Amino acid sequence: MDYQAVIDGIAEEVRPLFARGRVAAYIPALAAVPRDRFAMAVLTADGALATTGCAGEPFSIQSISKIFTLTLALRHVGEKLWKRVGREPSGSAFNSLVQLEYEHGIPRNPFINSGAHVVTDSLMQERPYARDTLLAFVRELSGNDAVAFDETVARSEAETGDRNRSLAYFLKAEGNLTGDVDAVLDVYFHQCALAMSCVDLVRAIAFLARGGRGVDGARVVSAGQAKRINALMQTCGTYDAAGEMAFRLGIPAKSGVGGGIVAVVPGKLSIAVWSPALDKTGNSLAGVRALELFTGRTGLTVF
Ligand code: GLU
C-alpha cells in the first residue's frame, strides 16, 4: 500500500475544510494558532514513515496527553487505578461537573478531565515528580529529546482553568484526589501543553499498534494493557462523539482541542493528523475527515 500517495491525496482533498469549524478559543494561546496548518503522518509496524504537510511542526497536543499519563499510571500504579476511575463513555461534556457529582466523584473514564486528574493524582503518589517523569517518557517514546512543554500554553491553561479547578476540588471533597490540588493541576496543565509534531506522535503511540512495544522494540506496557488503552480510545477517546467516530473511522482514536488526533490500526500502523479548526464536538474537523478518508481508502479498520 502506497501510504504516501494516500495521505498526499487526502491533504489536497481536505483543504476546503480548513476554513470551516472553530479554533479552540477558551484557552487564549490556542486561539492564536493559524487555521490553515495541516499535517499527517503514518508509521507502519515495520517502521516505514509517510508524512504530508507540516508533520515536523510541534503543536499543543492537549487531551492526547491523557494517553501518556494513563500509560504511565498503568505501569506504576497498575490495576488498582480502576478503583478510582471507570471505563465507560461519559455521554457528557469532557469537563462536566454534573455527572461527577451524581457519581460521587468517580469519573466515568480516564479521558474526561476529571478522570485525567485522578490518573495524574494516582501517578503522583508513585512518581512525585510526575511532570519530569512524563516529559522523559514522551521523549523516550518519540525518540525526540527536543519535545517540551509550551510554557505559554501552560500559563494560559492555568489562567483559564477554573473549571478544572472546580473538578479537582470536587474530587478532593469526595476523597478521590489525595494530593495537593494545585500540584496535580500544575502537572495536568503542563501535560496538556506538551508540544509535539505528528512525526513525534506516530512514534510515541507506536506501542499501541505493536502489542505494547515501542519503536525501538522495548516493552512499554503488556499486550493486554495496550489492548485496554486502545479500547478506551475507541469508546471514550473523542469526547462525546466516540460512537460517531467508531462509525466514521472504524479505528481507536484520541483527539485534543489543539486540533490533533492520533489513531491506531493494531498490528498495522499508527497515524497522527493535525488541523486546528474544530467541529461542534471539539474534534478537528479536517482531521476527522482525513482519518475517515484514510480508513475508507486503505480498507483498514478494527471492525
Ligand atoms: N487543557 C484542556 C482542558 O483542560 C484540554 C482539553 C482537551 O484537549 O480535551 O480543558
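Residue numbers (my numbering): 322 to 624. Just so it is clear, CB atoms sit at the ideal spot from N, CA and C, and this is done for glycine as well. Computed from a predicted structure; not experimentally measured.
- Residue state for residue 605 is assigned as strand, using DSSP reduced to three classes.
- An exposed status is given to residue 399, since fewer than 16 other beta-carbon atoms sit within 10 Å of its beta-carbon.
- Apart from the 5 residues on each side of it in sequence, residue 445 sits with its Cβ closer than 6 Å to the Cβ of 451, 500 in its chain, given in chain order.
- According to the DSSP assignment, residue 493 belongs to the alpha helix (DSSP H) that extends over 483-494.
- The segment 355-362 and the segment 370-387 touch, with three or more beta-carbon pairs separated by less than 8 Å.
- Taking 8 Å as the cut-off, the Cβ atoms of residue 521 and residue 342 do not count as close.
- According to the DSSP secondary-structure assignment, residue 595 is paired through a beta bridge with 360, 581.
- Rounded to the nearest angstrom, the gap between the Cα atoms of residue 414 and residue 435 is 11 Å.
- In this structure, the beta-carbon distance from residue 364 to residue 590 falls below 8 Å.
- Here residue 499 carries a coil assignment [DSSP, helix/strand/coil].
- With a cutoff of 8 Å on beta-carbon distance, residue 387 and residue 437 are scored as near each other.
- Proximity of the segment 551-569 to the segment 603-617 meets the contact definition, three or more beta-carbon pairs being nearer than 8 Å.
- Taking a cut-off of 8 Å on C-beta distances, the segment 464-475 touches the segment 507-521, as three or more cross pairs fall below it.
- A contact between stretches requires three or more CB pairs, one per stretch, nearer than 8 Å, and the segment 570-588 meets this requirement with the segment 553-560.
- Annotation: the segment 520-588 contains the following complete segments of the alpha helix (DSSP H) (minimum length 4 residues), in chain order: 527-530, 544-557, 563-569.
- The Cβ neighbour count for residue 624, taken over all protein chains shown within 10 Å, is under 16; the residue is labelled exposed.
- DSSP places residue 370 inside the beta strand (DSSP E), whose first and last residues are 370-374.
- With contacts defined as CB atoms closer than 8 Å, residue 430 and residue 459 fail to qualify as a contacting pair.
- Residue environment analysis places residue 588 among the exposed positions, since fewer than 16 neighbouring C-beta atoms fall within 10 angstroms of its C-beta.
- Bounds of any beta strand (DSSP E) do not take in residue 338, whose DSSP letter is neither H nor E.
- Under the DSSP assignment, residue 322 falls outside any beta strand (DSSP E); it carries neither an H nor an E label.
- Residue 350: member of the alpha helix (DSSP H) spanning 349-352, first to last residue.
- DSSP places residue 516 inside the beta strand (DSSP E), whose first and last residues are 515-517.
- In this structure, residue 559 and residue 347 do not form a Cβ contact; the two beta carbons are roughly 18 Å apart against a cut-off of 8 Å.
- Between residue 441 and residue 509, the C-beta spacing is below 8 Å.
- When 478, 493, 536 are compared, the shortest CA-CA separation from residue 461 is found for 536.
- Checking the 7 Å criterion, the Cβ of residue 605 is out of range of every heavy atom belonging to ligand 1.
- Note that the C-beta distance between residue 402 and residue 550 is not below 8 Å.
- Secondary structure of residue 343 (DSSP, three-state): strand.
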